Amino acid sequence: MKEKINWIDPWWLLEECATKVAIQRELACEIGPEHPLWQCDLAVIAKSGANDDVIVQLNNGRFACVHLTWNGKIDAQPEQFPSSRIFDSIEGLQTYINEVAEQYA
């Protein structure tokens with residue numbers, strides 16, 4: 050990632066730690082064949098301190114905000130849950146982060 054993301058509270062960057070590993074594992078459990086992020090190489094990079102939203106970087110340079118359900122399995126409505134919002138650019142992601150931060154403040 051060449052451009053730097055400005056993580057504003059409630060968002061925080063996840064360094065290599067047990068929390069990041071646990072979130073990555075849960076994400077893998079929840080994303081099934083009917084989900085829009087299926088077969089994307091997803092790397093968890095940040096988490097919201099306000100809820101169960103995480104930011105992931107996709108293998109094609111895009112980003113997504115995913116709201117984990119923490120069921121440990123694929124949901125009964127796998128095309129909808131975990132809910133996700135995809136951003137085509139780092140600028141789009143930054144705008145979203147800023148909007149969430151304004152609501153959180």
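First residue of the sequence shown: 50, per our numbering; consecutive thereafter.
The C-beta atom is built at its ideal place from N, Cα and C for all residues, glycine as well.
These figures come from a predicted structure and were not determined experimentally.
Identify whether residue i lies in helix, strand or coil by the three-state DSSP scheme.
| i | result |
| --- | --- |
| Ala113 | strand |
| Ala46 | The structure shown does not extend to residue 46, since the chain is modelled only from 50 through 154, so no value can be given for it. |
| Asn55 | coil |
| Glu65 | coil |
From the DSSP output, which residues share a beta bridge with residue i?
| i | result |
| --- | --- |
| Trp60 | Ser97 |
Tell me which residues share the same chain as residue i and place their Cβ nearer than 7 Å to its Cβ, disregarding the 5 neighbours each side in the sequence.
| i | result |
| --- | --- |
| Asn147 | Ile57 |
| Phe130 | Thr118 and Asp124 |
| Arg111 | Ile135, Phe136 and Asp137 |
| Ala92 | Val105 and Gln106 |
| Cys236 | Not covered by the structure: residue 236. The range shown for the chain is 50 to 154. |
Counting only the same chain and skipping the five closest in sequence on each side, list residues whose C-beta sits under 8 Å from that of residue i.
| i | result |
| --- | --- |
| Ala95 | Ile54, Trp56, Trp60, Trp61, Leu62, Leu63, Val103 and Ile104 |
In its own chain, which residues sit with a C-beta less than 6 Å from the C-beta of residue i, not counting the 5 before and 5 after it?
| i | result |
| --- | --- |
| Glu83 | Pro127 and Glu128 |
>> Under 8 Å, with one C-beta from each stretch per pair, do the stretch 50-61 and the stretch 82-92 reach the 3-pair mark?
In response: no
>> Runs of 4 residues minimum, wholly inside the stretch 76-137: which ones carry the alpha helix (DSSP H) assignment?
In response: none
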